[in-house]
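Under this note's numbering, think of the first position of the sequence shown as 4, with each following residue one higher. We put the beta carbon where it would ideally sit given N, CA and C, even for glycine. A short write-up of the structure that comes next.
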Amino acid sequence: MKKILILLLIMATTAINAQTEPVEIQGAKGKLAATLQMPKIEKGKKVRMVIICHGFGGDKDRPLLRTIADRLQEAGIASIRFDFNGCGKSEGRFQDMTVLNEIEDAKKVIDYAQKLPWVSGISIVGHSQGGVVASMVAGELKKSIKSVALCAPAAVLRDDALRGSTQGATYDPHHIPEYVDLPRGMRMGRDYVVTAQTLPIYETAKEYKGAVLVIHGTWDVIVPYTYGERYHQGYKNSRLILLPQVDHVFSTEEARTKTAAEITEFIKKH
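What follows is the structure, given as structure tokens:
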């Protein structure tokens, strides 16, 4: 933290070169591990900041998110990608994670970013469940968010919770156990399912009136692209890009590069 404070003091009076720094931010369930990527910033200038949100049980260093952050940095745009509570290197138990406390995590990161003296405005990007979080945060904060980009936004999570099937694990949606063991070795808590079943995803998201970009792969079998289409239809100022033969995690370098380029150009305009 001391290193970051010194860095901020230096940036207030001098130009800085592009750099990447680890930071810690207080979140809803403890400290959040984050990566701050800054472009070269001339003395007295300010740049856009993009908050990048990962998906269910993921982390800030997934290939898609790193590719987006690197492309933004090259274009003169800063970013913070972070691990939600209970994920990656952040504090907290994954079993205690819910979409609602991930929303609070994202808001804490936004608060942190807004206090940086060289930030001109905030945009938000989210992949999968992180897309749901990003969309709902924007719907709640409205004009505080300059623009929103959603990659394979996982609004399916509510339908999954209602039918009792999440991430390959099944359970009784009417009598939810204290926890559900997932195939990936993680343990999902009852609160996650309870909150997901009544989560006002589209209702909250549509309150955002700014520019939105939705990108979804047509080969996504985890979150069918129809969920991306529904997001697009609910917004007043939205663009939808469907990527042929692209899966949920944008697993090819071509898909990640295309997505990062589209997001970067979108944020430069909005």
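Rounding to the nearest angstrom, what Cα-Cα distance links residue i and residue j in this structure?
i	j	result
Met100	Tyr195	6 Å
Met41	Tyr174	44 Å
Arg74	His177	45 Å
Leu49	Glu105	Just to set this straight, residue 49 is Lys in the shown sequence, not Leu. Each residue's alpha carbon lies about 28 Å from the other.
Arg284	Ala152	For residue 284 there is no data in the structure shown, the boundaries of the chain being 4 and 273.
Gly167	Gly95	25 Å
Ser93	Gly60	12 Å
Arg233	Arg242	12 Å
His251	Pro25	27 Å
Lys145	Glu77	28 Å
Gly134	Ala157	7 Å
Asp114	Lys209	22 Å
Leu202	Leu185	21 Å
Gly237	Val197	25 Å
Sort the options by Cα distance to residue i and report the nearest one.
i	options	result
Lys46	Pro120, Lys271, Ala81, Gly237	Pro120
Arg187	Pro66, Glu94, Gln170	Gln170
Asp162	Ala109, Pro227, Glu268, Lys146	Pro227
Ala164	Ala199, Arg193, Ser147, Gly213	Ala199
Phe269	Gln29, Ser126, His130, Gly167	Ser126
Asn20	Leu35, Ile80, Thr229	Ile80
Thr149	Gly220, Lys261, Lys212, Leu245	In the sequence under discussion, the amino acid at residue 149 is Lys, which differs from the Thr named in the question. Out of Gly220, Lys261, Lys212, Leu245, Lys212 has the C-alpha closest to the C-alpha of Lys149.
Ala155	Val217, Gly95, Gly142, Ser147	Val217
Arg190	Gly33, Thr70, Arg65, Cys90	Cys90
How should residue i be labelled, buried or exposed, when 16 other C-beta atoms within 10 angstroms of its C-beta is the threshold for buried?
i	result
Arg259	buried
Glu265	buried
Gln22	exposed
Val224	exposed
Can you list, in chain order, the residues of its chain whose CB lies under 6 Å from that of residue i, leaving out five sequence neighbours each side?
i	result
Arg84	Thr38, Ile55, Lys63, Leu68, Ala72
Ala214	Ser150, Asn240, His273
Since residue i is in the beta strand (DSSP E), which residue starts that stretch and which ends it?
i	result
Met139	Counting along the chain, Met139 falls outside any beta strand (DSSP E), though it belongs to the alpha helix (DSSP H) covering 132-144.
Leu35	33-41
Thr23	22-30
Val226	Per DSSP, Val226 belongs to no beta strand (DSSP E) and is neither H nor E.
Near residue i, which residues of its chain fall below 7 Å by C-beta distance, leaving aside the five closest residues on each side in sequence?
i	result
Asp108	Gly30, Ala31, Leu35, Phe87, Asn88
Once the 5 residues before and after residue i are set aside, which same chain residues still bring their CB inside 8 Å of it?
i	result
Val122	Lys49, Val50, Arg51, Met52, Ala81, Ala116
Val112	Ile28, Gly30, Leu35, Ala37, Ile54, Ile83, Phe85
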